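Mapped onto full-length UniProt numbering, the consecutive letters of the sequence shown carry residue numbers 4 to 471.
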Amino acid sequence: APLILWFRRDLRLGDHPMLAAARATGRPLIPVFILDPETEAMGAAAKFRLGLAVDQFAATLAALGSRLILRRGPALAVLEALVAETGAVGVLWSRMYDAPARSRDQAVKAALKARGLGATSHPGALIFEPWEVETGQGGPYRVFTPFWKAVRGRPVPAAQPAPGALPGPGLWPRSERLEDWQMAAAMRRGAAVVAAHQRVGEARALARLEEFAAGPLAAYAADRDFPGLSGATSGLSENLAWGEIGPRAIWHRGWRAMAEGNAGAETFLKELVWREFAWHLYYHFPQMDRASWKADWQAFPWRADNPDAEVWRRGLTGEPLVDAGLREMYVTGRMHNRARMIVASYLTKHLLTDWRVGLRWFAECLTDWDPAANAMGWQWVAGCGPDAAPYFRIFNPAGQAGKFDADQTYCRRWLAELGRSPGAEALSYHAAVPKSWALEPGRPYPMPLIDLTEGRARALAALAQGKA
Ligand code: FAD
Numbered sequence: 004a005p006l007i008l009w010f011r012r013d014l015r016l017g018d019h020p021m022l023a024a025a026r027a028t029g030r031p032l033i034p035v036f037i038l039d040p041e042t043e044a045m046g047a048a049a050k051f052r053l054g055l056a057v058d059q060f061a062a063t064l065a066a067l068g069s070r071l072i073l074r075r076g077p078a079l080a081v082l083e084a085l086v087a088e089t090g091a092v093g094v095l096w097s098r099m100y101d102a103p104a105r106s107r108d109q110a111v112k113a114a115l116k117a118r119g120l121g122a123t124s125h126p127g128a129l130i131f132e133p134w135e136v137e138t139g140q141g142g143p144y145r146v147f148t149p150f151w152k153a154v155r156g157r158p159v160p161a162a163q164p165a166p167g168a169l170p171g172p173g174l175w176p177r178s179e180r181l182e183d184w185q186m187a188a189a190m191r192r193g194a195a196v197v198a199a200h201q202r203v204g205e206a207r208a209l210a211r212l213e214e215f216a217a218g219p220l221a222a223y224a225a226d227r228d229f230p231g232l233s234g235a236t237s238g239l240s241e242n243l244a245w246g247e248i249g250p251r252a253i254w255h256r257g258w259r260a261m262a263e264g265n266a267g268a269e270t271f272l273k274e275l276v277w278r279e280f281a282w283h284l285y286y287h288f289p290q291m292d293r294a295s296w297k298a299d300w301q302a303f304p305w306r307a308d309n310p311d312a313e314v315w316r317r318g319l320t321g322e323p324l325v326d327a328g329l330r331e332m333y334v335t336g337r338m339h340n341r342a343r344m345i346v347a348s349y350l351t352k353h354l355l356t357d358w359r360v361g362l363r364w365f366a367e368c369l370t371d372w373d374p375a376a377n378a379m380g381w382q383w384v385a386g387c388g389p390d391a392a393p394y395f396r397i398f399n400p401a402g403q404a405g406k407f408d409a410d411q412t413y414c415r416r417w418l419a420e421l422g423r424s425p426g427a428e429a430l431s432y433h434a435a436v437p438k439s440w441a442l443e444p445g446r447p448y449p450m451p452l453i454d455l456t457e458g459r460a461r462a463l464a465a466l467a468q469g470k471a
């Protein structure tokens, strides 16, 4: 009798403990992807990118003589139907760590077990399970550096290689068609523009890891801060988000580089552990995407969504580095980390707007959307998160531009208004935005929405007073 492999955000074959466990049974395997209500609720770009990932993964499985069965509906109902149709004796999946997924998975596990079926969850999304890292006092970590020190010396199992074939059942259950799911439907912008910027699938992710480790990694510690330097960071976040690459594969490649004396390797490994830390926090504090972490911030009178925030979303603040970042995200589904920090600081400090307004826009636009990293990033910049920057740390976007984009490579790449003959990327933004935004490339660049000195003073006064 077969086993059902319930794939979610783990769309790969290598470095996949669940798949390894399933193969070890010698049973026929039925890979399944379920578009359940939890998955349907995702932001437009994330859902679109997931569609690309599922499509690619189905092709990868087909090349191994297997299939990816697609079904839509509540997970438990779909799994029960599949069990009835195929006579499967168990379901396996890789753990997810956000609260909605956890309660769904617990209910599924309990219901399947009650029927005498196998139901097992496996690691793979993270290098370190959130409950396996504890402070000396026995609780979760709240500060990054001690977390890093706690994990950096730990032995990590080797990433298993991808199998060369997957045994299937004699008879396959019916599959829905991915086209019918309309995964791009919520994209108001041209999906084709965004699609051109995605690196989809396990093979491409692994090739990128190798290319990055052999090249840009050496200069990563310095170059990662400059948004104009294309390819200076790994760009693997979109693959990690959908599980097209496993974090342990990256970890081991990083350590190998470190052993070889690569100067950028340690900084890179630390960044990878920031992702682990984000999930550690989110697991232990599931309200992190909704409530200010620090209690004395919970009543802070942030401005709710407002017209300035809409100007910000459209990349029309008149602050070049802020607008460049927001436009990069709109077109590519990703944004350079430094730009993420600067646009977030501008929204929460200069515009005193609730960090959750920004978090939601990122969740709508990012193809590397990661609920833990997104929530941690926003709370960190806003100043209300664990291990956050102090509230008086306000990024000056103009100063940051002078320091990290001195030759304006990044700003000119994304702002058509700045140059006489703007490049394809800058123009692609104007092609992608809804007509109603009336954003012709020939228009003059907007005046600053707010004077930076004034905005900073206003923010400092409000933050100092309102926080406690
Ligand atoms: P690299 O520099 O090559 O780093 C390697 C990997 O380390 C990344 O792929 C990522 O998995 C991890 N990593 C690096 N920096 C961070 C960080 N600060 N926090 C957590 N993990 C990190 N990252 C997401 O993947 N999804 C998000 O939704 C997301 N939202 C963010 C929101 C804000 C406000 C901020 C400030 C940061 C956010 N980040 C998010 C973190 C970071 O900006 C991206 O992970 C990074 O830019 C991805 O580029 P890269 O893959 O080239 O990273």
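Heads up, the beta-carbon is just placed ideally off N, CA and C, and yes, glycines get one too. Note that the structure is predicted; figures quoted are calculated from it, not measured.
Which whole runs of the beta strand (DSSP E) in the region 94 to 172 are 3 residues long or more, in chain order?
Counting only runs of 3 or more, we get 121 to 125.
Following a CB-centred definition, is Arg227 positioned closer than 7 Å to any heavy atom of the ligand FAD?
Here residue 227 is taken as the residue at index 224 of the sequence shown, counted from 1. Answer for Arg227: yes, Cβ within range of the ligand FAD.
Going by C-alpha distance, which of Ala49, Thr123, Leu354, Arg251 is nearest Pro304?
In the sequence shown, the residue the question calls residue 304 occupies position 301. With distances taken between Cα atoms, Pro304 lies closest to Leu354.
Assuming contact is defined by CB atoms lying nearer than 8 Å, are Ala266 and Ala210 in contact in what I supplied?
Here residue 266 is taken as the residue at index 263 of the sequence shown, counted from 1. Here residue 210 is taken as the residue at index 207 of the sequence shown, counted from 1. Result no, Cβ atoms of Ala266 and Ala210 do not sit closer than 8 Å.
Tell me whether Asn377 counts as near the ligand FAD, meaning its Cβ is closer than 7 Å to at least one heavy atom of that ligand.
Position 374 of the sequence shown, counted from the start, is the residue given in the question as residue 377. Result yes, Cβ under 7 Å from the ligand FAD.
Can you give me the start and stop residues for the beta strand (DSSP E) that Leu272 sits inside?
The count along the sequence shown starts at 1 and reaches residue 272 at position 269. Counting along the chain, Leu272 falls outside any beta strand (DSSP E), though it belongs to the alpha helix (DSSP H) covering 268 to 287.
Does the structure place the region 21 to 38 close enough to the region 157 to 170 that three or more beta carbon pairs sit under 8 Å?
These segments touch.
Around the C-beta of Ser106, are 16 or more other C-beta atoms found within 10 angstroms, so that it is buried, or is it exposed?
Indexing the sequence shown from 1 puts residue 106 at position 103. Its Cβ having fewer than 16 others within 10 Å, Ser106 is exposed.
How long is the line joining the alpha carbons of Ile248 and Gly17, rounded to whole angstroms?
Taking the first residue of the sequence shown as position 1, residue 248 is located at position 245. Taking the first residue of the sequence shown as position 1, residue 17 is located at position 14. Their Cα atoms are separated by approximately 8 Å.
Measuring CB to CB, does Glu331 end up less than 8 Å from Arg52?
As a working mapping, residue 331 is identified with position 328 in the sequence shown. As a working mapping, residue 52 is identified with position 49 in the sequence shown. Cβ distance not < 8 Å, so Glu331 and Arg52 don't count as in contact.
For Arg157, count the other beta carbons within 10 Å of its own beta carbon; 16 or more makes it buried, fewer makes it exposed. Which is it?
Taking the sequence shown and counting its residues from 1, the one referred to as residue 157 is at position 154. Result: exposed.
Based on Cα-Cα distance, which residue from Ala392, Gly257, Leu362 lies nearest to Ala162?
Along the sequence shown, one-based indexing puts residue 162 at 159. The candidate whose alpha carbon is nearest that of Ala162 is Gly257.
Using the beta-carbon count (16 or more within 10 Å), is Phe60 buried or exposed?
Position 57 of the sequence shown, counted from the first residue, corresponds to residue 60. With 16 or more Cβ atoms within 10 Å of its Cβ, Phe60 is classed as buried.
What do you reckon, is the C-beta of Trp381 under 7 Å from a heavy atom of the ligand FAD?
Here the question's residue 381 lines up with position 378 in the sequence shown. Because some heavy atom of the ligand FAD lies under 7 Å away, the Cβ of Trp381 counts as near it: yes.
Considering Val86, what are the terminal residues of the alpha helix (DSSP H) in which it resides?
Stepping through the sequence shown from its first residue, residue 86 is reached at position 83. From DSSP, the alpha helix (DSSP H) with Val86 extends over 78 to 89.
Could you check if Gly238 belongs to the surroundings of the ligand FAD, using beta carbon to heavy atom distance under 7 Å?
Taking the first residue of the sequence shown as position 1, residue 238 is located at position 235. Gly238: yes, Cβ under 7 Å from the ligand FAD.
Would you call the region 195 to 207 in contact with the region 314 to 326, where contact means no fewer than 3 C-beta pairs closer than 8 Å?
Segments in contact, no.
The alpha helix (DSSP H) spanning Phe60 covers which residue range?
Locating residue 60 in the sequence shown gives position 57, where the first residue counts as 1. That run of the alpha helix (DSSP H) goes 47 to 66.
Just to check my reading of the structure: Ala401 and Leu350 have Cβ atoms closer than 8 Å, yes? What is that Cβ distance to the nearest angstrom?
Taking the sequence shown and counting its residues from 1, the one referred to as residue 401 is at position 398. Taking the sequence shown and counting its residues from 1, the one referred to as residue 350 is at position 347. About 16 Å separates the two Cβ atoms, so there is no contact after all.
By the three-class DSSP mapping on this structure, what secondary structure does Thr236 have?
The residue you call residue 236 lines up with position 233 of the sequence shown. Correct three-state label for Thr236: coil.
Can you check whether the CB of Ala347 is closer than 8 Å to the CB of Ala327?
Taking the first residue of the sequence shown as 1, we reach residue 327 at position 324. Taking the first residue of the sequence shown as 1, we reach residue 347 at position 344. Against a cut-off of 8 Å, the Cβ pair of Ala347 and Ala327 comes out as no contact.
Taking the straight line between their C-alpha atoms, what separation do you get for Val459 and Ala467?
Stepping through the sequence shown from its first residue, residue 459 is reached at position 456. Stepping through the sequence shown from its first residue, residue 467 is reached at position 464. It should be pointed out that residue 459 corresponds to Arg in this sequence rather than to Val. Looking at the two C-alpha atoms, the distance is approximately 12 Å.
Rounded to the nearest angstrom, how far is the Cβ of Arg191 from that of Pro437, given a contact under 8 Å?
Counting from one through the sequence shown, the residue named residue 191 turns up at place 188. Counting from one through the sequence shown, the residue named residue 437 turns up at place 434. Arg191 to Pro437, Cβ: 5 Å. Contact.
CB of Asn399 to nearest heavy atom of the ligand FAD: below 7 Å?
Within the sequence shown, numbered from 1, the residue matching residue 399 stands at position 396. No, since every heavy atom of the ligand FAD falls outside the 7 Å radius drawn around the Cβ of Asn399.
CB of Glu274 to nearest heavy atom of the ligand FAD: below 7 Å?
Counting from 1 along the sequence shown, the entry for residue 274 is found at position 271. True, at least one ligand heavy atom lies under 7 Å from that Cβ.
How far does the beta strand (DSSP E) with Trp9 in it reach, from first residue to last?
Working through the sequence shown from its first residue, we reach residue 9 at position 6. Residues 6 to 10.
From which residue to which residue does the beta strand (DSSP E) around Val360 run?
As a working mapping, residue 360 is identified with position 357 in the sequence shown. It is not in any beta strand (DSSP E) - Val360 instead sits in the alpha helix (DSSP H) that spans 358 to 368.
When DSSP labels each residue in this structure, what does Phe36 get in the three-state scheme?
On the sequence shown, residue 36 is found 33 positions in, with the first residue counted as 1. Strand at Phe36.
Given this structure, state the Cα-to-Cα distance separating Ala117 from Ser124, to the nearest angstrom.
Here residue 117 corresponds to residue number 114 of the sequence shown, with the count starting at 1. Here residue 124 corresponds to residue number 121 of the sequence shown, with the count starting at 1. Cα-Cα distance, rounded: 16 Å.
Between the alpha carbons of Arg98 and Ala464, how many angstroms are there, rounded?
For this step, residue 98 is matched to residue 95 along the sequence shown. For this step, residue 464 is matched to residue 461 along the sequence shown. Their Cα atoms are separated by approximately 44 Å.
The beta strand (DSSP E) with Arg74 in it runs from where to where?
What you label residue 74 is simply residue 71 of the sequence shown in a count that begins at 1. 72 to 75 is the extent of the beta strand (DSSP E) around Arg74.
Since Ala198 and Leu55 should fall inside the 8 Å C-beta cutoff, what is the C-beta to C-beta distance between them, to a whole number of angstroms?
Sequence index remark: in the sequence shown, residue 198 carries index 195 (1-based). Sequence index remark: in the sequence shown, residue 55 carries index 52 (1-based). Yes, Ala198 and Leu55 are in contact; Cβ-Cβ is about 7 Å, under 8 Å.
Does the beta-carbon distance from Val111 to Ile7 come in below 8 Å?
Walking along the sequence shown from the start, residue 111 turns up at place 108. Walking along the sequence shown from the start, residue 7 turns up at place 4. No, Cβ-Cβ distance for Val111 and Ile7 is not below 8 Å.
DSSP state of Arg306, grouped into three classes?
Locating residue 306 in the sequence shown gives position 303, counting from the first residue. DSSP places Arg306 in strand when its eight states are reduced to three.
For Ile72 versus Ser178, is the C-beta distance shorter than 8 Å?
If you number the sequence shown from 1, residue 72 lands on position 69. If you number the sequence shown from 1, residue 178 lands on position 175. Yes, these two residues count as a Cβ contact at 8 Å.
Could you give the distance in angstroms between the alpha-carbon of Leu212 and the alpha-carbon of Thr370?
As a position in the sequence shown, residue 212 is number 209, starting the count at 1. As a position in the sequence shown, residue 370 is number 367, starting the count at 1. In a straight line, the C-alpha of Leu212 is about 18 Å away from that of Thr370.
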